[in-house]
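Peer 1: Just passing along the structure, written as structure tokens.
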Amino acid sequence: MKNRIVAGVGLALAAGGVQLVTQAPAYAAPVDIQILATNDFHGRLRANGAEAGAAVLAGAVKQLEAANPNTVFSAAGDLIGASTFESFIAQDKPTIDALNAAGLDVSAVGNHEFDAGYDDLLHRVMAPYDASTNPHGGAEWEYIGANVHKPGAPESELLEPTYVRDFGGAQVGFVGAVTEHLHELVSPAGIEGVTVEDIAAATNREADRLVAAGVDVVVLLVHEGAPSTDCATMEDDPTSDFGQIIHGVNDNVDAIVSGHTHLAYNCSFPVAGWAGRPVTDRPVVSAGQYGMNLNKLVFSVDSATGEVQATTQELLPLAGGAYPADPATKTIVDKAVADAEVLGAQPLGRLESSYYRARRADGTSENRGGESTLGNLVAEAQRWSTSTPEAGGAQIAFMNPGGLRADMVAAADGTLTYKQAATVQPFANTLVNLKMTGAQIKAALEQQWQPAGASRPFLRLGTSEGFTYTYDPAAPAGSHITGMWLDGAKVVAGTTYSVTANSFLASGGDNFGAFNVAPSLKRDTGKVDLAAMVEYLAVHAADAPLATDWSQRSVGVSFPAGVRTFEPRSRVAFTLSSLTFSAPADLDETAVTVSLDGEVLGTFPVDATVPATPYDEVGTAAVSFRLPVGRPGTKVLTVTGVKTGTSVEVPVEVVGID
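One rule links them: number in my numbering = place in the sequence shown (from 1) + 516.
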């Protein structure tokens, strides 16, 4: 236990009774406890560049454990879910088997552990393997979550908060915690009744309990992480998600092993309450993602006092040949790859061009705030799949950007395989048909601007063909959307429309509560999202390559001071944004025309520079022209993309007499 004092008191028999004597304690060497940690593995079974693969991960763990048997192999969550095809196609059973073979002891739950719901985690993933009743489960490690609660559930239905290992002269305990944004990141329907507690509060309660029970070293495994790898600035903001953890956990926490942000860092920070101790800094680490690294922490513990005498910490890259592949784990991986190749090689159709997610300015980092050809294609496939009367007669569909886990990249001849499509959508969400008014659809679009404290400030929904809208990026929250159209007709606030969304969105995921309409207005079609894409491609991409729709579904329109009222012959000026896609292989828009009643009023160049901000503002144009002679009233300007075919309407009011 922390700072315990052993007095070395013994009993001696003497004439006349029992005598209390003091003995010098026998010398005991320090116990070196080694903590190995990974995070955000996401079923990356195969080696791929810096991704070492499961066999090398297991080989590294076993080699390091052979050098120090006082080892715990731990993780900070997201071991499964959002996996590569080899694991995804078998419900992550190969990843479970591989990590079992690697000897994983304990992991915090991550948000992706809940992709298929709380019950799936407990009753499949964590339940013992059984060839008949549980063929896709059997994790042999302990999943812990001190801040995950299900009030009213029996004890057998709850996650353990902690895990303890005893190495003779010293004990190490682990507290597990998941991001407080869990309800935003997984389908609310799958975690109904689950509450998520403040991470620091839950950690401190459990750390205090462990220390009171005699545990010497306490490690927090937390599925939340730093926004950058810069140790110098990591703790600067005590109000950020990760800053609250660093500053909020108490002196009984000896180390923080983190994840979720997929960044690798090896930091340590002084703890004021540790002044005068042999160790005064607390390690704060993460191994990045996909099995690229291992965090290695070693605590040298005085077995007589329980005090940590020294620590070392390293970030170990796993690729490059430093560690051997573990044969048993390699066998598991090889079988998963072989099984997946058979099904994955099936061609689904041909594409005119590949479909990409939106990109940041560096051209490689994903931007979930940007419109993408892929997001729009998936939305259209889901609308088409549920457009029949028996499936709800969908007129509009929306797709959340976080559900797109890879680009849809075809082969050189345009062929797309089942594996390539499955990698894009690995969650197996079902499609839900909703009856929504125009006002509710507008509310859902407004929720793309996320609430304060959300993990991302803006999430751009993929949108099906025929539905377009304009927005003002400078408008106050709740009033961004300025117009919506369906097949050229204005969407009316009081009219009901048939809308399809996946089960994640339909239950309010990613803070899109407007989709969570009354149960009487929603119907789960039972169609799986991937199956909808497979069917769509079979019809639309089998005989001829599927043509890419380069048009934007949403366009930003901003007038100075929001004024849209003009006199005849006066100059009209406004700015446009979101006129083009952002992936390097996408077709860039070069110019737009603005017309009124068929008369072109001007052609304006488009700047396709991708900005650094994570919003949907790629492709900007400054519009300025003089209004022609005409009668007063509402005039509808038409903005048309020269290359992409983007087309939206911009109404203005003309007042006065010419």
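Where is the CB? At the ideal position from N, CA and C, for every residue including glycine.
Keep in mind it's a predicted model, so treat the numbers as computed, not measured.
Taking DSSP's pairing of strands, which residues face V738 in a bridge?
Peer 2: Answer by DSSP bridge pairing, in chain order: A693, S774.
Peer 1: For M915 and Q898, which I take to be in contact (beta-carbon distance under 8 Å), what is that distance rounded to the nearest angstrom?
Peer 2: Right, the Cβ-Cβ distance comes to about 7 Å (below 8 Å), so this counts as a contact.
Peer 1: Between L977, D878, R1142, D929, which lies nearest to T1129 when the distance is taken from Cα to Cα?
Peer 2: Nearest of L977, D878, R1142, D929 to T1129, Cα basis: D878.
Peer 1: So is G1114 buried or exposed if we call it buried at 16+ other beta carbons inside 10 Å?
Peer 2: With fewer than 16 Cβ atoms within 10 Å of its Cβ, G1114 is classed as exposed.
Peer 1: Does the beta carbon of V800 fall short of 8 Å from some heavy atom of the ligand GDP?
Peer 2: The model on display carries no ligand, and the ligand GDP is accordingly not part of it.
Peer 1: Taking just the CA atoms, how far does F1097 sit from F917?
Peer 2: First, the amino acid is wrong: residue 917 is Pro here, not Phe. Roughly 14 Å between the two C-alpha positions.
Peer 1: Would you call the region 1037-1044 and the region 835-850 touching, i.e. three or more CB-CB distances under 8 Å?
Peer 2: Flag = no, the region 1037-1044 and the region 835-850 do not touch.
Peer 1: Do three or more CB pairs link the region 573-586 to the region 626-637 at distances below 8 Å?
Peer 2: In short, these stretches do not touch, since the Cβ pair count stays below three.
Peer 1: Between the region 1078-1085 and the region 1054-1067, do three or more beta carbon pairs fall short of 8 Å?
Peer 2: Because the criterion of three Cβ pairs below 8 Å is not met, the region 1078-1085 and the region 1054-1067 do not touch.
Peer 1: Which whole-angstrom value is the C-beta distance of V688 and D732, which I expect to be below 8 Å?
Peer 2: Going by Cβ atoms, the distance from V688 to D732 rounds to 7 Å, so yes, they are a contact pair.
Peer 1: How about Q966 and A1030: do their beta carbons lie closer than 9 Å?
Peer 2: For Q966 and A1030, no; Cβs fall outside 9 Å.
Peer 1: Would you say A705 and G661 are within 9 Å of each other, going by their C-beta atoms?
Peer 2: It is not a contact, given that the beta carbons lie outside the stated cut-off.
Peer 1: Starting from the C-beta of P1121, find all residues in its chain whose C-beta is less than 6 Å away, skip the five residues before and the five after it, and write them out in chain order.
Peer 2: Cβ within range, chain order: A1107.
Peer 1: Can you check which of these residues, V1050, C747, D746, H763, is closest to P754 by C-alpha distance?
Peer 2: Checked all of V1050, C747, D746, H763; the closest Cα to P754 is H763.
Peer 1: Measuring straight from C-alpha to C-alpha, what distance separates L737 and G597?
Peer 2: Distance between the alpha carbons of L737 and G597: 18 Å.
Peer 1: Under DSSP, the alpha helix (DSSP H) around V795 begins and ends at which residues?
Peer 2: Where V795 is concerned, there is no enclosing alpha helix (DSSP H), given that its DSSP letter is neither H nor E.
Peer 1: List the endpoints of the continuous alpha helix (DSSP H) containing Q760.
Peer 2: Its alpha helix (DSSP H) spans residues 757-764.
Peer 1: Terminal residues of the continuous beta strand (DSSP E) containing G865?
Peer 2: Where G865 is concerned, the enclosing beta strand (DSSP E) stretches over 863-866.
Peer 1: In the structure shown, what three-state DSSP assignment does A630 receive?
Peer 2: Reading off the sequence shown, one finds Phe at residue 630, where the question assumed Ala. Helix.
Peer 1: Please name the residue in W790, V691, G807, T998 whose C-alpha comes closest to that of V1164.
Peer 2: Closest by alpha carbon: T998.
Peer 1: Where V1007 and A938 are concerned, what is the direct C-alpha to C-alpha distance, given to the nearest angstrom?
Peer 2: Roughly 34 Å between the two C-alpha positions.
Peer 1: Quick one: using the 10 Å Cβ neighbour count with 16 as the cut-off for buried, is E868 buried or exposed?
Peer 2: E868 is exposed by the Cβ-count criterion.
Peer 1: In angstroms, rounded to a whole number, what distance separates the CA positions of E1105 and P992?
Peer 2: Cα to Cα, the separation comes out at about 28 Å.
Peer 1: Would you kindly check if the distance between the Cβ of L595 and the Cβ of G619 is under 9 Å?
Peer 2: Their beta carbons are not under 9 Å apart, which means G619 does not touch L595 by this criterion.
Peer 1: Buried or exposed, going by whether 16 or more other CB atoms sit within 10 Å of the CB of A686?
Peer 2: Per the 10 Å Cβ criterion, buried.
Peer 1: Look up S870 in the DSSP assignment and say whether it is helix, strand or coil.
Peer 2: Residue state, collapsed to three classes: coil.
Peer 1: How is F674 classed by DSSP in three states: helix, strand or coil?
Peer 2: The sequence shown places Leu at residue 674, not Phe. Correct three-state label for L674: coil.
Peer 1: Scan the region 1049-1130 and note each continuous beta strand (DSSP E) run of 3 residues or more that stays entirely inside, going in chain order.
Peer 2: DSSP runs (the beta strand (DSSP E)) wholly in the region 1049-1130: 1070-1074, 1087-1093, 1107-1112, 1115-1121.
Peer 1: DSSP on Q805, reduced to helix/strand/coil?
Peer 2: Three-state result, Q805: coil.
Peer 1: So is V1145 buried or exposed if we call it buried at 16+ other beta carbons inside 10 Å?
Peer 2: Exposed, by the Cβ-count rule.
Peer 1: Can you give me the C-alpha to C-alpha distance between T1154 and L1002, rounded to a whole angstrom?
Peer 2: So the two alpha carbons sit approximately 15 Å from each other.
Peer 1: Could you tell me which uninterrupted beta strand (DSSP E) segments, each at least 3 residues in length, are contained entirely in the region 953-994, listed from first to last along the chain?
Peer 2: You should have 983-987.
Peer 1: For T821, name the three-state secondary structure that DSSP assigns.
Peer 2: It is coil, neither helix nor strand.
Peer 1: If I follow the unbroken alpha helix (DSSP H) through P610, where does it start and stop?
Peer 2: From DSSP, the alpha helix (DSSP H) with P610 extends over 609-618.
Peer 1: Expressed to the nearest angstrom, what Euclidean distance is found between the alpha-carbon atoms of V1126 and G804?
Peer 2: Whole-angstrom Cα-Cα distance: 26 Å.
Peer 1: Run through DSSP, which three-state label would H639 get?
Peer 2: Of the three classes helix, strand and coil, the one that applies to H639 here is helix, per DSSP.
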